[in-house]
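As given, the protein sequences belong to chains A and B, one line each in that order. Quick note, our numbering runs 186 ahead of the 1-based positions in the first sequence. Quick note, our numbering runs 3 ahead of the 1-based positions in the second sequence.
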Amino acid sequence: ETGVTQSPTHLIKTRGQQVTLRCSSQSGHNTVSWYQQALGQGPQFIFQYYREEENGRGNFPPRFSGLQFPNYSSELNVNALELDDSALYLCASSFGTGAMGYGYTFGSGTRLTVV
Amino acid sequence: KNEVEQSPQNLTAQEGEFITINCSYSVGISALHWLQQHPGGGIVSLFMLSSGKKKHGRLIATINIQEKHSSLHITASHPRDSAVYICAVSKPNTGNQFYFGTGTSLTVIP
C-alpha cells in the first residue's frame, strides 16, 4: 500500500501570491489533516477533512482553505501569502476521525518559502 | 503557554547512553503520541498511549494520566536515533486533531 504523498516538496512564492499544496492520502484512509510547522516549532493544526467536509479547524485565518476530493486526496490553499506563512506544511491521513486517530500516517511535507 | 510542553529542547548524548525525554500536558486527552521527525520533515509514529507503558525495541514510553506526564526512554542509544522527538496529544471528541509539543532535538554522538 502507498503512504501519504505530498506535492510539491519545496516551493518559493512571493508575498501576496496564492499557493495550492496537495496531499494524496494513504489507500483506505478517508480523513486528512493539515498542519503548519514553523522552523523550530511543533506542528500547529490547520484543519481536518473527513468525507469531503471540513471537520474541525485550528486558529488559522480564512485565507487558509482546503478541499477534499472523492478519492480522499486533499488540497490546502493559502491566499494573500505573508512572510510568516513560510513553514513546513504536513498532512496526515487516517481512517475515520475516532479519538484514537487510528492508523494515521504523515506525509513528508511541503516546504513553503515566502519572499 | 503551550498545552503540551517538552523537555529538554535539545539533548546530546554519547552512543550507548540511556535517554529520557519528558512531556507534560495541561488538558484532558484521549491519547498521547510520541512521534519521530527526521531532517527533511517526514514524521513517523512511535507510540500511541492512553495509559501505562509500551515498549518497542529499545524505545519505552510511559504515561501517568493523573500527573498529566509522559516520558520517552531510549536504551542503548545509537547515532541513528538522532532526530527530533515530538509529543502530541489528541483531545476527546476531536479525532486526530493533534496538539504538538515543540519537540526535543536529539543528537547521539558515536
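Ideal Cβ positions, reconstructed from N, Cα and C, are used throughout, including at glycine.
Within chain A, the residues that residue i reaches when beta carbons sit closer than 8 Å
i	result
Y102 (chain B)	F231
Residue i, DSSP secondary structure in three states
i	result
L262 (chain A)	strand
L14 (chain B)	strand
L267 (chain A)	coil
R297 (chain A)	strand
H36 (chain B)	strand
E187 (chain A)	Residue placement at E187 (chain A) cannot be trusted, given a pLDDT of 47 that sits under 50; the coordinates are not used to answer.
S272 (chain A)	coil
S29 (chain B)	coil
Contacts that residue i makes with chain B (C-beta to C-beta distance below 9 Å)
i	result
L274 (chain A)	G44
Within chain B, the residues that residue i reaches when beta carbons sit closer than 7 Å
i	result
G252 (chain A)	Those do not exist, as G252 (chain A) stays about 14 Å from chain B at its closest Cβ, beyond 7 Å.
S294 (chain A)	G43, G44 and G45
Residues that residue i contacts on chain A, provided the C-beta gap is smaller than 7 Å
i	result
G106 (chain B)	G228
I22 (chain B)	Chain A residues near I22 (chain B): none, gap ~19 Å exceeds 7 Å.
Given residue i as reference, the closest of the options once Cα atoms are compared
i	options	result
Q230 (chain A)	A:V300, A:C277 and A:Y290	A:C277
F281 (chain A)	A:P194, A:Q222, A:A224 and A:Q234	A:Q234
S73 (chain B)	B:W37, B:G60 and B:S108	B:W37
S80 (chain B)	B:E6, B:S10, B:T15 and B:Q9	B:T15
Q12 (chain B)	B:T78, B:G106, B:V111 and B:R83	B:G106
N25 (chain B)	B:P113, B:L75, B:A86 and B:A34	B:L75
G44 (chain B)	A:Y290, A:T291, A:Y275 and A:V300	A:Y275
Q9 (chain B)	B:G55, B:S48 and B:L35	B:L35
K56 (chain B)	B:S48, B:T65 and B:F50	B:T65
A86 (chain B)	B:I112, B:E6 and B:Q100	B:I112
V7 (chain B)	B:I77, B:T78 and B:S93	B:S93
Q223 (chain A)	A:N257, A:L253, A:D270 and A:V301	A:D270
Within chain B, the residues that residue i reaches when beta carbons sit closer than 8 Å
i	result
G202 (chain A)	Those within 8 Å of G202 (chain A) in chain B number zero; the least Cβ separation is about 26 Å.
Unbroken stretches of the beta strand (DSSP E), 3 residues or longer, contained in the region 203-257 of chain A: 205-210, 217-223, 230-236, 239-243 and 250-254
Check distances from the C-beta atoms of the region 207-229 of chain A to those of chain B and list, in chain order, the residues that come in under 9 Å. T217, S219, Y221, Q223, G226, Q227, G228 and P229
Between the region 56-74 of chain B and chain A, which residues of the former have CB atoms less than 8 Å from a CB of the latter, in chain order? none
Tell me the start and end of each unbroken alpha helix (DSSP H) in the region 52-93 of chain B that is at least 4 residues and wholly inside, in chain order. none
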